[in-house]
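Novice: Each number in the numbering used here comes from the position in the sequence shown (counting from 1) with 411 added on.
Cβ atoms here follow ideal geometry from the backbone N, Cα and C, with glycine treated the same way.
Source: prediction; values computed, not measured.
Submitted below is the structure of interest, expressed as structure tokens.
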Amino acid sequence: MGRSFLKSILLIAALVGGISANSFCQSFPLTLSSPNQELSLQFATAPVKGSTSGGGKLVYSVSYRGKPVLDQSALGLELEGQSLLGADVRVVNSIAGQGVDDYSLLAGKTSKVQDEYKSLTVQLKEDGNAGRTFSMEARAYNDGVAFRYVLPAQDTIKEIRLKQEDTEFRISTDATTWALELPNYRSSYESEYVKLPISAFSNQGGVSSTFLIGLPLLMHLPGTAWMALTEADLEGNSGMYVTNPSGNWAGHWFVSKLSPRFDNPNLVLTGTLPHHSAWRVLLVADEPGKLMESNIVSDLNTPNRVQDTSWIHPGKASWNWWTGDIGPDGKSAYTTKNMEYYVDFAAQSGFPYMMLDAGWANGRDITKLRGNVDVPELVSYATAKHVKVWIWLYSISVMNQMKEAFPLFEKWGVAGVKIDFVNRDDQEGIKFYYDVAREAAEHHLMVDFHGASKPWGIERTYPNVLSYEAVLGMENNKVARRDSPVDRTVFPFTRMLAGPLDYTPGGFNNVTEDSFVGRGQSPMVMGTRAQQLALYVVFQTPIQMVSDSPQAYANQPAFKFIHDVPTAWDTMRVLNGEPGEFVTIARSHGNEWYLGSITNWTPRELQVPLNFLGTGRYIAEIYQDAADAGTNPKNVTIRRQIVYKGEELTLHLATGGGCAIRLIPEGGK
């Protein structure tokens, strides 16, 4: 095929698909724009000294509303025993397209998704004897862009043995980040998000170690955009982290680091071709709250593989562990009788579940009972009261006994499994998540991953996966003081961008910062009771713990909000907020709306417009910090008032405070 004829064909494709007409001239990039034209992702080849291929080093860049957010950043794959793939390539073809992700979610931030996108596949080839080929697949949505590497079957690469993925993220300015610093690739993602400029993470002065940063990574480019980096669809891959390897004070860029394999730390991935990487996702918006509303991570995952989902139900659960197994006599006891007390509480409160935590199994053998809590007996007791039981499992035991244990749990009548201490997202670790989801679905078991990596959208593919931990949650109150209102105002803008988070709210022993003491039984929580109520709206998870003991909630009027608030949502709106400062979120369930607003240690007065409401009168049931909540955090003011769409509510938040509101259409319509 002649070059002039090829250019004619590509010009037609460009005009139809929205790609730059000069896309195959070296001086012009291939440009993919979002449906609203505000976001642009460009691929190009940068000249390589001494190359005669007519191509160059593969790079990409991103702009938002005409301003750069990512400068030209290199793309490449390090294959064992081979030169860097992407170092000297030329474009041989491109395919433009468009589509709409139109699907339903059983339990997500929204129940119905309809996201329009533009797409582009760039096919690349090396010259010379190797002649290796690969493609970059990309999508541009109105709220973000995503791309991934695709390696087709080819004679020059018999199998994939990937040493590392060299994807750069050269941020256009020294942006402020909220970064999750992690010690290694074997963590549970339970730490603070540190607010620092990108350059603060550079490998300066020849220091041998670098900061390992987990995802999602939130960034603010002042005057340009808010942006978050994460990933989607990890099936067959390992988890991505980033570091800043610049080595100088002015360096403000990151490079990918994939979690290494256990059996060979020099490799991150092995397998056969064809193969595609996980999607690299960049969410972009003019306000940080808009990033929360995005469904791109879910969009990029494989559709639901579970044909019958009638047995999957979101809901709240009573929980024995956080409060220290406290029974009705105020004493701690891990016994069948005491666990029945938590079942009774769930039944009386209208909760569908009771979460039985660690201690029932005979050591690491999860097919045998230890003898203190009889799980089948507890399940039978709960069934008579219309409550179902979840059980805690150690991840290593699940890895070893999944095939025999899951059918047994189904026989017992267990509703779900909480799998803890996974602490890995290497290739085999990611495979474990998918194996668990698939096997659990076959035996009608829902799943909650703890001690886990961040979500990446598997809950769309396997909707029986209801939640993940991967957050510095309220369990820390049992031993230390790392859980505070400050971190709670960061997590919605960071960790929650990746998917549901099991933070385990609901602590009613509310104290001031100065009065807090970490303790294992009847733990304290810093901040106000109204903030704990608001967290049931702010933090999204389909399986929501009601963490405190039944007696902590007895005769407490504020408990009614926990009783009423759902765990499955139809829509969400982020009404205001700044990471680390405050946030207000509204979510709908049927014809009702729920609002949660929280602040850090700074008391605030917030004006919240009710533009999200439907027409007509709404009864607002308002649970708000009392006037003295700053010094007496347990005190909550509860009132009702009539409100309308378009009105504003004034929220008064105490130090470490919050506000929770249920909005009911008058007449229930």
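#1: Could you spell out where the beta strand (DSSP E) holding N749 opens and where it closes?
#2: If I measure Cβ to Cβ from A979 and keep anything under 7 Å in the same chain, skipping five residues before and after, which residues do I get?
#3: From A963 to V666, what does the alpha carbon distance come to, in whole angstroms?
#4: What residue range is occupied by the uninterrupted alpha helix (DSSP H) comprising Y964?
#5: For E1059, collect the residues of the same chain with a Cβ closer than 8 Å to its Cβ; drop the 5 residues on either side in sequence, then sort them by chain order.
#6: Go ahead and label F904 buried or exposed: buried means 16 or more other beta carbons lie within 10 angstroms of its beta carbon, across all protein chains shown.
#7: Once you ignore the five residues that flank I1075 on each side, which residues in its own chain have a CB closer than 6 Å to its CB?
#8: Let me confirm a value: N595 is counted as buried when at least 16 other C-beta atoms fall within 10 Å, else exposed. Which label applies?
#9: Is the CB-CB distance between A1040 and G1007 below 8 Å?
#10: Counting only runs that start and end within the segment 534-567, where is the beta strand (DSSP E) found for 3 or more residues in a row?
#11: Threshold first: 4 residues or longer. Then list the alpha helix (DSSP H) segments lying entirely within the segment 775-840, N to C.
#12: Which residues does DSSP list as the beta-bridge partners of H663?
#13: Please work out which residues of its chain come closer than 6 Å, Cβ to Cβ, to V561, disregarding the five sequence neighbours upstream and downstream, and give them in chain order.
#14: Given a cut-off of 8 Å on the beta-carbon distance, is the pair Y471 and Q448 in contact?
#15: Check this for me: beta carbons of T872 and N715, under 8 Å apart or not?
#16: So what's V948 in DSSP terms, helix, strand or just coil?
#17: Take the Cβ of D513 as the centre, count every other Cβ of all protein chains shown within 10 Å, and call the residue buried at 16 or more, exposed below.
#18: So Q942 packs on P896, CB below 8 Å; how close in whole Å?
#19: When the Cα of A744 is compared with those of V784, L516, W722 and T442, which residue comes out closest?
#20: Exposed or buried, A795, counting other C-beta atoms within 10 Å across all chains shown (16 or more means buried)?
#21: Counting only the same chain and skipping the five closest in sequence on each side, list residues whose C-beta sits under 8 Å from that of L780.
#22: On a CA-only basis, which of Q493, S864 and M857 is nearest S721? Give me that one, please.
#23: Identify the continuous alpha helix (DSSP H) that holds H974 and give its terminal residues.
#24: Taking the alpha-carbon of T982 as reference, which of Y1005, E989 and F558 has the nearest alpha-carbon?
#25: Rounded to the nearest angstrom, how far is the Cβ of T1066 from that of P1014, given a contact under 8 Å?
#26: What distance in whole Å lies between the Cβ atoms of Y552 and S445, which are believed to be in contact at a cut-off of 8 Å?
#27: Are the CB atoms of Y914 and M885 within a distance shorter than 8 Å?
#28: Looking at S670 and D837, is the spacing between their C-beta atoms short of 8 Å?
#29: Who are Q1018's beta bridge partners in DSSP?
#30: Residue range of the alpha helix (DSSP H) that I707 falls in?
#31: Run the CB neighbour count on S791, radius 10 Å, all protein chains shown included, and call it buried at 16 or more, exposed below.
#32: Have a look at W637, V511, G988 and S522 and flag the residue whose alpha-carbon is nearest the alpha-carbon of L450.
#33: Beta-carbon separation of L441 and V533 under 8 Å?
#34: Would you be able to state if there are at least three C-beta pairs under 8 Å between the segment 859-869 and the segment 813-831?
#35: Using CA coordinates, which residue listed in I869, M907 and P934 is at the minimum distance from D894?
#36: Could you check the C-alpha separation between G652 and A557 for me, to the nearest Å?
Specialist: By the coordinates alone:
#1: Taking the first residue of the sequence shown as 1, we reach residue 749 at position 338. It is not in any beta strand (DSSP E) - N749 instead sits in the alpha helix (DSSP H) that spans T747 to S760.
#2: Numbered from 1 along the sequence shown, position 568 holds the residue referred to as residue 979. Closer than 7 Å at Cβ, skipping near neighbours: A518, P725, P953 and H1000.
#3: Taking the sequence shown and counting its residues from 1, the one referred to as residue 963 is at position 552. Taking the sequence shown and counting its residues from 1, the one referred to as residue 666 is at position 255. Going by C-alpha positions, A963 is about 48 Å away from V666.
#4: On the sequence shown, residue 964 is found 553 positions in, with the first residue counted as 1. Element bounds for Y964: P961 to Y964.
#5: Position 648 of the sequence shown, counted from the start, is the residue given in the question as residue 1059. Beyond the five residues adjoining it in sequence on each side, E1059 comes within less than 8 Å, by CB distance, of Q1018, V1019, P1020 and L1021 in the same chain, given in chain order.
#6: Here residue 904 refers to the residue found at position 493 of the sequence shown. Burial is judged here by how many other beta carbons sit within 10 angstroms of a residue's own beta carbon; F904 has at least 16 and is buried.
#7: By 1-based counting over the sequence shown, the position of residue 1075 is 664. Closer than 6 Å at Cβ, skipping near neighbours: E1003 and I1030.
#8: Counting from one through the sequence shown, the residue named residue 595 turns up at place 184. With fewer than 16 Cβ atoms within 10 Å of its Cβ, N595 is classed as exposed.
#9: Stepping through the sequence shown from its first residue, residue 1040 is reached at position 629. Stepping through the sequence shown from its first residue, residue 1007 is reached at position 596. No, the Cβ-Cβ distance between A1040 and G1007 is not below 8 Å.
#10: Counting only runs that start and end inside the segment 534-567, the beta strand (DSSP E) elements of at least 3 residues fall at 544-552 and 555-562.
#11: Correct list: 786-795 and 806-823.
#12: Against the sequence shown, residue 663 aligns to sequence position 252. The partner list for H663 (beta bridge, DSSP) is empty, contrary to what the question assumes.
#13: Locating residue 561 in the sequence shown gives position 150, counting from the first residue. Hits under 6 Å: S546, E548 and H687.
#14: As a working note, residue 471 is residue 60 in the sequence shown. As a working note, residue 448 is residue 37 in the sequence shown. No, these two residues do not count as a Cβ contact at 8 Å.
#15: Position 461 of the sequence shown holds residue 872. Position 304 of the sequence shown holds residue 715. Yes, they are a contact pair.
#16: Against the sequence shown, residue 948 aligns to sequence position 537. Helix.
#17: In the sequence shown, the residue the question calls residue 513 occupies position 102. D513 counts as exposed, since fewer than 16 other C-beta atoms from the protein chains shown sit within 10 angstroms of its C-beta.
#18: Numbered from its first residue, the sequence shown carries residue 942 at position 531. Numbered from its first residue, the sequence shown carries residue 896 at position 485. Approximately 6 Å separates the beta-carbon atoms of Q942 and P896; this is inside 8 Å, confirming the contact.
#19: Here residue 744 refers to the residue found at position 333 when the sequence shown is read from its first residue. Among V784, L516, W722 and T442, the Cα nearest to that of A744 belongs to V784.
#20: Working through the sequence shown from its first residue, we reach residue 795 at position 384. Its Cβ having fewer than 16 others within 10 Å, A795 is exposed.
#21: As a position in the sequence shown, residue 780 is number 369, starting the count at 1. Around L780, the same chain offers W771, A772, N773 and V786 as residues with beta carbons nearer than 8 Å, after the five sequence neighbours per side are excluded.
#22: Locating residue 721 in the sequence shown gives position 310, where the first residue counts as 1. The candidate whose alpha carbon is nearest that of S721 is M857.
#23: Indexing the sequence shown from 1 puts residue 974 at position 563. Unbroken alpha helix (DSSP H) run through H974: F970 to D975.
#24: The count along the sequence shown starts at 1 and reaches residue 982 at position 571. The closest CA to that of T982, considering only Y1005, E989 and F558, is found on Y1005.
#25: For the purposes of this step, residue 1066 is identified with residue 655 of the sequence shown, where counting begins at 1. For the purposes of this step, residue 1014 is identified with residue 603 of the sequence shown, where counting begins at 1. By a beta-carbon distance limit of 8 Å, T1066 contacts P1014. Their separation comes to about 5 Å.
#26: Reading the sequence shown from its first residue, position 34 is the one you call residue 445. Reading the sequence shown from its first residue, position 141 is the one you call residue 552. At roughly 6 Å, the Cβ-Cβ gap stays under 8 Å, so S445 and Y552 are in contact.
#27: Indexing the sequence shown from 1 puts residue 885 at position 474. Indexing the sequence shown from 1 puts residue 914 at position 503. It is a contact, given that the beta carbons lie within the stated cut-off.
#28: One-based indexing of the sequence shown puts residue 837 at position 426. One-based indexing of the sequence shown puts residue 670 at position 259. Contact: yes.
#29: Here residue 1018 corresponds to residue number 607 of the sequence shown, with the count starting at 1. In the DSSP output, where bridge partners are listed per residue, Q1018 has T1061.
#30: Against the sequence shown, residue 707 aligns to sequence position 296. Element bounds for I707: I707 to D710.
#31: Here residue 791 refers to the residue found at position 380 of the sequence shown. Here S791 is exposed. Its C-beta has fewer than 16 other C-beta atoms within 10 Å.
#32: On the sequence shown, position 39 is the one that residue 450 refers to. For L450, the nearest C-alpha among the options comes from W637.
#33: Here residue 441 refers to the residue found at position 30 of the sequence shown. Here residue 533 refers to the residue found at position 122 of the sequence shown. By the CB criterion at 8 Å, L441 and V533 fall inside the cutoff.
#34: Under the 8 Å Cβ criterion, the segment 813-831 counts as touching the segment 859-869, having at least three qualifying pairs.
#35: Taking the first residue of the sequence shown as 1, we reach residue 894 at position 483. Nearest of I869, M907 and P934 to D894, Cα basis: P934.
#36: Along the sequence shown, one-based indexing puts residue 652 at 241. Along the sequence shown, one-based indexing puts residue 557 at 146. According to the sequence as given, residue 652 is Tyr; it is not Gly. Cα-Cα distance, rounded: 16 Å.
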